[in-house]
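In this note's numbering, the protein residues as written are 20 to 277. I have placed the structure first, in the form of structure tokens, so that the comments after it can refer back to it.
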Ligand SMILES: NC(=O)c1ccc[n+]([C@@H]2O[C@H](COP(=O)([O-])OP(=O)(O)OC[C@H]3O[C@@H](n4cnc5c(N)ncnc54)[C@H](O)[C@@H]3O)[C@@H](O)[C@H]2O)c1
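Listed below in structure tokens is the structure:
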């Protein structure tokens, strides 16, 4: 399956670390050329450099997905380097924990611009290119919090629910241009925010074991687990999958909590 995405190119936001990096690595290993669209210059550049050293085609471009100008410039740079935009992965995002009665309008807007508006803006600038190509796949990383949630995940869960709506609309409105849109909803994945959460416990090892035991697969996901799913969804083998959400959570959401 090494050449599953050969000849294709991908623009992955937040690909300097965590899940985004895992996605970029697996897409590249499947033959895709990748733009690492990242706000952190150090991790973005080192990720692109490491992919190139491995023999893959990659470039770094500074993109803050809260800025439409950055997104526009990033996509122009992608087109200049790779000549097509086959795969957009809306990955950058961050958990937030606010009290709905205390949160300010400014905090709300900052959260939405990162967790929802940025994905729409990337679609806005990718869709005309994909329509011209008569081909494209847009994969947006939502979360299990898009369809269920826990206390104190506001308004992150609201934004992630919005990603599912965005995905459905794009699938419906752009399908006749041979563009597919799919949302991927991970559960626990071992990235810095998850590590920080575990380490904040009184007994981090016991907390990690507790979390692992919640999963039928008895482990926490790794960024490359998400990358493997994204590589499949981006490929022609997934040509009948659009307008929907795929949950990837080690089975944690199969359990009825009642
Ligand atoms: N880790 C999990 O357990 C988990 C579970 C469900 C969903 N998710 C979702 O997966 C995505 C990635 O999460 P993660 O855990 O890898 O986070 P992370 O913090 O490890 O990585 C996020 C990356 O995005 C970059 N980034 C942050 N703000 C940006 C911006 N404005 N513009 C461009 N890049 C930016 C960061 O520099 C970093 O490289 C997020 O959308 C998150 O909501 C994560």
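Ideal placement from N, C-alpha and C gives every residue a C-beta, glycine not left out. No experiment lies behind these values; they were computed from the predicted model shown.
Residue 156 vs residue 252 beta-carbon contact at 8 Å: In terms of Cβ geometry, residue 156 and residue 252 form a close pair [threshold 8 Å].
Bridge partner(s) assigned by DSSP for residue 31: Answer is 55, 108, bridged to residue 31.
heavy atom of ligand 1 below 7 Å from residue 162 C-beta: Correct: residue 162 has its Cβ closer than 7 Å to ligand 1.
Closer than 7 Å: residue 224 CB and nearest ligand 3 heavy atom: Ligand 3 is absent from the structure shown, which contains only ligand 1.
Exposure of residue 45, with buried meaning 16 or more beta-carbon neighbours within 10 Å: Taking all protein chains shown into account, residue 45 has 16 or more neighbouring C-beta atoms within 10 Å of its C-beta and is therefore buried.
Closest residue to residue 268 among 262, 143, 239, 246 (Cα-Cα distance): Here the closest residue by C-alpha is 239.
Within 8 Å, strictly: CB atoms of residue 178 and residue 135: The answer is yes: Cβ separation under 8 Å.
Anticipated Cβ contact below 8 Å, residue 29 with residue 51, distance rounded: By a beta-carbon distance limit of 8 Å, residue 29 contacts residue 51. Their separation comes to about 5 Å.
Euclidean distance between Cα positions of residue 243 and residue 108: So the alpha carbons of these two residues sit roughly 14 Å apart.
Which of helix, strand or coil DSSP assigns to residue 235: DSSP places residue 235 in coil when its eight states are reduced to three.
Closest Cα partner of residue 235 within the set 274, 260, 201, 199: That would be 274, whose Cα lies nearest to the Cα of residue 235.
As assigned by DSSP and simplified to three states, the class of residue 175: Three-state result, residue 175: helix.
Residue range of the alpha helix (DSSP H) that includes residue 18: Not covered by the structure: residue 18. The range shown for the chain is 20 to 277.
Contacting residues, own chain, Cβ-Cβ under 6 Å from residue 111 (five flanking each side not counted): For residue 111, where only same-chain residues beyond five positions count, the Cβ hits under 6 Å are 32, 33, 84.
Per DSSP, cross-strand counterpart(s) of residue 204: Answer is 266.
Closest by C-alpha distance to residue 65, when choosing among 166, 207, 142, 36: Of the candidates 166, 207, 142, 36, the one whose C-alpha sits nearest the C-alpha of residue 65 is 36.
Residue 83 beta carbon near ligand 1 (any heavy atom closer than 7 Å): Under cutoff, so the answer is yes.
Local Cβ density within 10 Å of residue 212, reported as buried at 16 or more and exposed below that: Counting every other CB atom within 10 Å of its CB across the protein chains shown gives residue 212 a total below 16, marking it as exposed.
According to DSSP, residues forming a beta bridge with residue 77: Beta-bridge pairing by DSSP links residue 77 to 53.
One or two residues paired with residue 240 in a DSSP bridge: Partner(s): 208.
Option nearest residue 262 by Cα separation, candidates 72, 158, 137: Nearest C-alpha to residue 262: 158.
Near ligand 1: residue 113 beta-carbon under 7 Å from a heavy atom: Shortest gap from the CB of residue 113 to any heavy atom of ligand 1: under 7 Å.
Opening and closing residue of the alpha helix (DSSP H) in which residue 40 lies: Taken as a continuous stretch (DSSP letters only), the alpha helix (DSSP H) holding residue 40 covers 37-48.
DSSP-derived helix/strand/coil call for residue 260: Residue 260: coil per DSSP, three-state reduction.
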